[in-house]
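K.L.:
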Amino acid sequence: MYNHYIVVSCITTTQISQENFCSFIESQLDKELVNQLENFEEVDYCHIGLKTEKCGIKIDERKHFCTSWLLGIKFTQQISYELSTKFYAKFEKIKETLINKFVLKNLGQRIDAKSELKILVLKRNELENWGF
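According to numbering that gives the first Met the number 0, the sequence shown is numbered sequentially starting from 0.
1) Given a cut-off of 7 Å on the beta-carbon distance, is the pair serine 8 and cysteine 45 in contact?
2) State yes or no: is the C-beta of leucine 121 within less than 7 Å of the C-beta of tyrosine 4?
3) Could you tell me which of Phe101, Asn124, Leu126, Ile118 sits nearest to phenylalanine 20, measuring between CA atoms?
4) Do the CB positions of glutamine 77 and glutamate 41 come within less than 7 Å of each other?
5) Cα-Cα, which of Thr51, Ser22, Leu70 is closest to phenylalanine 90?
6) Return the chain-ordered list of same chain residues with a C-beta closer than 7 Å to the C-beta of glutamate 31, the five sequence neighbours on each side being excluded.
7) Just to confirm, are lysine 73 and aspartate 43 a CB contact at a threshold of 7 Å?
8) Terminal residues of the continuous alpha helix (DSSP H) containing glutamate 102?
9) My assumption, with CB atoms under 8 Å, is that tryptophan 135 sits in contact with lysine 50. Please give the rounded CB distance.
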């Protein structure tokens, strides 16, 4: 059983951005997020689980499209402040890598400035707010 959960949310203002940007993010999740997290010795295993179109966080009302993916992580030990900080830094790096890959793949096409990619850590009792 997982002891921690991560939600990756792709939030956009248009259907076209949703299809292009969020579909690309989904295609890269296993390679970029799961594989990199499993490289940490503190991670026993990590899997991508459910996908939802419900956004469990408050978003700008102009951003109508939200796709979120749930990842479950089983750590080999209790999470310390130091380890937590290390993982947050890794999430930011992964987010940056995903965005850069999208721009390169699309020949320098800019991501709609209003599009967002968020990586959030959730507690088990917060999962229902997301529709998981």
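Even glycine gets a Cβ: it sits at the ideal position worked out from N, Cα and C.
Bear in mind that the values here come from a model prediction, so they are computed numbers and not experimental data.
P.N.:
In this structure, then:
1) Reading the sequence shown from its first residue, position 9 is the one you call residue 8. Reading the sequence shown from its first residue, position 46 is the one you call residue 45. No, these two residues do not count as a Cβ contact at 7 Å.
2) Residue mapping note: residue 121 aligns to position 122 of the sequence shown, counting from 1. Residue mapping note: residue 4 aligns to position 5 of the sequence shown, counting from 1. In this structure, tyrosine 4 lies closer than 7 Å to leucine 121 by Cβ.
3) Translated into the one-based positions of the sequence shown, residue 20 becomes position 21. Comparing Cα positions, the closest option is Phe101.
4) Counting from one through the sequence shown, the residue named residue 77 turns up at place 78. Counting from one through the sequence shown, the residue named residue 41 turns up at place 42. Going by C-beta atoms, glutamine 77 is not nearer than 7 Å to glutamate 41.
5) For the purposes of this step, residue 90 is taken as the residue at position 91 of the sequence shown. Here the closest residue by C-alpha is Leu70.
6) The residue you call residue 31 lines up with position 32 of the sequence shown. Closer than 7 Å at the Cβ level, and outside the excluded window around glutamate 31, lie Ile93, Thr96, Leu97.
7) Numbered from 1 along the sequence shown, position 74 holds the residue referred to as residue 73. Numbered from 1 along the sequence shown, position 44 holds the residue referred to as residue 43. Yes, the pair counts as a contact, with Cβ atoms nearer than the cut-off.
8) Along the sequence shown, read from residue 1 onward, the residue named residue 102 stands at position 103. It is worth fixing the name first, because residue 102 is valine in this sequence and not glutamate. Element bounds for valine 102: 80-104.
9) Here the chain covers residues 0 to 131 and nothing more, so residue 135 does not appear.
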